[in-house]
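Those letters in the sequence shown? Residues 7 to 347, per my numbering, in order.
Glycine residues also receive a C-beta, built at the ideal position from the N, C-alpha and C atoms.
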Amino acid sequence: MLLCFVHCTQRGAEPVLAPHEGAAPVVSEAPPPMEAGADRDGDGLDDAQEAALARRFAPSVRFAGVDPQGRGGQHNVAERYFPMSVARFLAQLEAGVYEREGQRWLTEPGSFSDERVVGYPSFLKGDPPRAAPVYVHVYPGEESGTAFCEYWLFYPYDVAEARFLGVDIPYGGHRGDWEHAAFKVQINPPRLLGGYFYGHDKCLVVAAEDLERIEDTHPAVYVSQGKHASYPNAVVIASVGLPQAIVGHLDVANGLGERWDTWRDTALIDLGEREQPRDPVARWLGFQGPWGPDGVWLGSIEIGTSATGPTAKREWRNNGPGTPWREHLASRGGVLVGAGR
Ligand SMILES: [Ca+2]
Ligand SMILES: [Ca+2]
7 MLLCFVHCTQ RGAEPVLAPH EGAAPVVSEA PPPMEAGADR DGDGLDDAQE AALARRFAPS
67 VRFAGVDPQG RGGQHNVAER YFPMSVARFL AQLEAGVYER EGQRWLTEPG SFSDERVVGY
127 PSFLKGDPPR AAPVYVHVYP GEESGTAFCE YWLFYPYDVA EARFLGVDIP YGGHRGDWEH
187 AAFKVQINPP RLLGGYFYGH DKCLVVAAED LERIEDTHPA VYVSQGKHAS YPNAVVIASV
247 GLPQAIVGHL DVANGLGERW DTWRDTALID LGEREQPRDP VARWLGFQGP WGPDGVWLGS
307 IEIGTSATGP TAKREWRNNG PGTPWREHLA SRGGVLVGAG R
């Protein structure tokens with residue numbers, strides 16, 4: 007009965023994988039240098055200045071790890087599914103060659119069609135921690151001298167397990183996951199003006215003075231284990247607004263796992279604007295469909311699906327208004343746990 011109520015449907019067939027000895031596709035996603043004085047994405051900001059702002063305010067991304075005190079219950083596990091280079095993902099999709107669980111696998115090529123991305127397996131772990139690029143979108147704010155910096159991550163898999171009426175079941179996991187956080191900034195002198203943290207269709211707003219930061223301009227972003235929602239502090243918090251006795255799923259964003267200071271040794275790939283994308287991403291930035299074939303249902307309500315990409319989301323170039331973080335924290339019974347590092 008329970009499993010009839012909570013179920014995964016419209017789930018694309020899993021491709022049949024065979025062990026493969028050949029080489030994995032090799033790709034380069036190196037962006038062309040940003041030219042000072044140029045405005046190739048047509049947003050009114052000097053492109054070289056956009057690049058400088060993106061790096062100046064790039065976040066410290068903190069993944070979840072095992073908490074020795076066990077806070078987080080059944081979800082107290084370390085992150086295993088990390089972001090991935092889109093270029094590398096698409097090369098694998100088109101070759102039908104994947105790396106999973108430390109082995110190489112071969113299947114039929116998938117496709118990146120007008121409707122949705124299909125034909126790739128579940129449980130792809132992404133690139134090794136800190137190896138993926140961060141996709142950035144910088145655009146001018148309405149107030150003179152301000153800008154917004156959005157930081158987008160592509161995860162090939164989102165995994166989750168929840169306790170429904172006391173029974174643990176996998177729910178909500180899906181192929182293709184796009185997550186992000188954004189910051190409003192003052193351009194000169196560079197200063198953080200506020201933060202916007204996303205996940206589970208929420209926008210959590212944080213005032214500048216409440217942002218955790220490194221070297222003054224780099225905010226911390228805590229990523230919830232498996233689901234990859236973004237939070238401004240190390241926290242354990244209900245992911246849905248229902249009593250835990252009915253639906254027990256916690257976002258464990260404790261920051262005890264991998265730490266990724268994205269302004270150091272990370273490719274920050276500027277997306278440009280929807281109408282004028284940059285060369286490395288022009289092929290896929292305008293794609294409006296889901297980046298995977300999965301759907302998850304609670305009765306007749308679709309509660310999870312393969313995610314759409316940056317420009318298909320309403321938050322693209324549209325940060326705030328949202329829910330004040332402290333208000334959300336209190337309403338969900340969230341507990342700040344402190345990363346201890
Ligand atoms: Ca520009
Ligand atoms: Ca731009």
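Query raised in the report: Hey, is the segment 261 to 274 in contact with the segment 64 to 71, meaning 3+ C-beta pairs nearer than 8 angstroms?
Result: Contact between the segment 261 to 274 and the segment 64 to 71 is present: 3 or more CB-CB pairs across the two stretches fall below 8 angstroms.
- Query: Is A288 buried or exposed, if buried means 16 or more other CB atoms sit within 10 Å of its CB?
  - Reply: So A288 ends up on the exposed side.
Which complete beta strand (DSSP E) runs does the segment 91 to 123 hold, if anything under 3 residues is left out? Listed in chain order, they are 103 to 106, 109 to 112.
- Would you say L47 touches ligand 2, meaning its beta carbon is less than 7 angstroms from a heavy atom? Checking the sequence, you will find Asp at residue 47 rather than Leu. Using a cutoff of 7 angstroms, the CB of D47 counts as near ligand 2, since one of the ligand's heavy atoms is closer than that.
Where K319 falls: helix, strand or coil (DSSP): K319: coil per DSSP, three-state reduction.
Practice task
Over the uninterrupted beta strand (DSSP E) stretch that includes Q192, give me the two end residues.
Solution key: For Q192, the uninterrupted beta strand (DSSP E) run begins and ends at 180 to 192, by DSSP.
Close Cβ partners of L8 (< 7 angstroms) along its chain, the five nearest in sequence each way excluded: Because the pLDDT at L8 is just 43, under 50, the model does not fix this residue reliably, and the value given afterwards should be weighed accordingly. Closer than 7 angstroms at Cβ, skipping near neighbours: F170, L171, V173.
Using the three-state DSSP reduction, which class does L59 fall into: helix, strand or coil? Residue state, collapsed to three classes: helix.
Review point. Do you know how far the Cα of A188 is from the Cα of F154?
Key: Cα to Cα, the separation comes out at about 7 angstroms.
- Item | Local Cβ density within 10 Å of G108, reported as buried at 16 or more and exposed below that | Using a 10 angstroms sphere on the CB of G108, the tally of other CB atoms stays under 16, which defines it as exposed.
- Residues near D49 in its chain [Cβ-Cβ closer than 7 angstroms; skip 5 each side]: So the list reads Y145, P146, E279, once near-sequence residues are dropped.
Should V144 be counted as a contact of ligand 2 given a C-beta to heavy atom distance under 7 angstroms?
-> Checking every heavy atom of ligand 2 against the Cβ of V144, one is found closer than 7 angstroms.
Point to revise | Helix, strand or coil at F11 according to DSSP, with G and I counted as helix | key: At F11, the pLDDT of 48 sits below 50, so the modelled position is not reliable; the number obtained from the coordinates is stated separately. In the three-state reduction of the DSSP assignment, F11 falls in the helix class.
Worksheet item: A244 and R338 look like a contact to me (Cβ under 8 angstroms); what is the Cβ gap, rounded to whole Å?
Response: A244 to R338, Cβ: 5 angstroms. Contact.
| query | Who are R280's beta bridge partners in DSSP? | reply | Paired residues: none, contrary to the question.
- Message: DSSP three-state label for D52, please.
- Response: Here D52 sits in coil by DSSP.
Check: Is D207 buried or exposed, if buried means 16 or more other CB atoms sit within 10 Å of its CB?
Finding: Here D207 is exposed, its C-beta having fewer than 16 other C-beta atoms within 10 Å.
- Query: When every heavy atom of ligand 1 is checked, does at least one fall within less than 7 angstroms of the C-beta of E148?
  - Reply: It does not: the Cβ of E148 is nowhere closer than 7 angstroms to a heavy atom of ligand 1.
Practice prompt. Report yes or no: do the segment 94 to 103 and the segment 114 to 122 share at least 3 C-beta pairs separated by less than 8 angstroms?
Written response: Contact holds between the segment 94 to 103 and the segment 114 to 122, because three or more Cβ pairs, one in each stretch, are under 8 angstroms apart.
- Segment contact flag, the segment 178 to 194 with the segment 160 to 170, C-beta cutoff 8 angstroms, min 3 pairs: Judged by Cβ distances under 8 angstroms, the segment 178 to 194 makes contact with the segment 160 to 170, as three or more pairs qualify.
Practice task
Counting only the same chain and skipping the five closest in sequence on each side, list residues whose C-beta sits under 7 angstroms from that of F223.
Solution key: The question names Phe, yet the displayed sequence has Thr at residue 223. For T223, same chain residues with a beta-carbon under 7 angstroms away, outside a window of 5 residues either side, are R62, F63, P196, L198 in chain order.
Report task. Go through its chain and collect everything with a Cβ distance to D133's Cβ below 8 angstroms, but skip five positions before and after it. Result -> Closer than 8 angstroms at Cβ, skipping near neighbours: F88, P89, M90, S91, R94.
Could you tell me if the beta carbon of L291 falls within a distance shorter than 7 angstroms of some heavy atom in ligand 1?
Using a cutoff of 7 angstroms, the CB of L291 does not count as near ligand 1, since none of the ligand's heavy atoms is closer than that.
In three-state DSSP terms, what is D207?
D207 falls in the coil class under three-state DSSP.
- Bridge partners of D257, per DSSP? Under DSSP, D257 shares a beta bridge with I243.
| message | As a quick exercise: from E185, V246, V253, pick the residue whose alpha carbon is nearest that of Y228. | response | Nearest option by C-alpha distance: E185.
Span of the alpha helix (DSSP H), counted from its first residue to its last, around R332 = Element bounds for R332: 331 to 337.
#### Entry: Extent of the continuous beta strand (DSSP E) to which D267 belongs
Residues 265 to 267.
Note to self: Give me, in chain order, the residues of the same chain whose beta-carbon lies closer than 6 angstroms to that of H255; leave out the 5 immediate sequence neighbours on both sides.
What the structure shows: These residues qualify, in order along the chain: A168, S245.
What are the start and end residues of the beta strand (DSSP E) that includes F167?
The residue you asked about is not Phe; residue 167 is Glu in the sequence shown. Residues 167 to 170.
query = If you follow the beta strand (DSSP E) that W158 is part of, which residue opens it and which one closes it?
reply = The continuous beta strand (DSSP E) containing W158 extends over residues 152 to 164.
>> I need the DSSP call for V287, collapsed to helix, strand or coil.
In response: In the structure shown, V287 sits in a helix (DSSP, three-state: H, G or I).
Use the C-beta contact count for F11: other C-beta atoms within 10 angstroms, 16 or more gives buried, fewer gives exposed.
The predicted model places F11 with a pLDDT of 48, which falls under 50 and marks its position as unreliable, so this point remains unresolved.
- request: Quick one: give me the first and last residue of the beta strand (DSSP E) that R68 is part of.
  value: Following the DSSP letters along the chain, one finds R68 inside the beta strand (DSSP E) bounded by residues 66 to 68.
Exercise. Report yes if the CB atom of R122 is closer than 8 angstroms to the CB atom of P296, and no otherwise.
Key: With a cutoff of 8 angstroms on beta-carbon distance, R122 and P296 are scored as near each other.
**Asked** Taking the alpha carbon of L291 as the point to measure from, which residue in L335, V212, F160, T329 has its own alpha carbon closest?
**Response** Nearest C-alpha to L291: F160.
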